[in-house]
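Only one structure is covered here, and it is reproduced in the block below.
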Amino acid sequence: MSPRRDLGTNYVRLMAEIGAYAEDGANIMIDNGWLEQPPGAADRDLLAKGND
Numbered sequence: 000m001s002p003r004r005d006l007g008t009n010y011v012r013l014m015a016e017i018g019a020y021a022e023d024g025a026n027i028m029i030d031n032g033w034l035e036q037p038p039g040a041a042d043r044d045l046l047a048k049g050n051d
């Protein structure tokens, strides 16, 4: 453990800032359509009916 007590406060502050930057980046990617949507499950009812 470090004898400097201010390090914990700085780490918590930096984690909050990094989280804000990550959220901003994700929002930019969503707005521009750069963030890919994960593949979804197939519609089982439609497949069971035999419709293509």
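Using numbering that gives the first Met the number 0, read the sequence shown as starting at 0 and increasing by one per residue. Built from N, CA and C at the ideal position, the CB exists for glycine as well.
Check                                                                                                                               : Outcome
Hey, could you find the ends of the alpha helix (DSSP H) residue 16 is sitting in?                                                  : 5 to 31
Which residues bound the alpha helix (DSSP H) around residue 42?                                                                    : Unbroken run through residue 42: none, as it is neither H nor E.
Apart from the five residues just before and just after residue 4, which ones in its own chain have a Cβ nearer than 8 Å to its Cβ? : none
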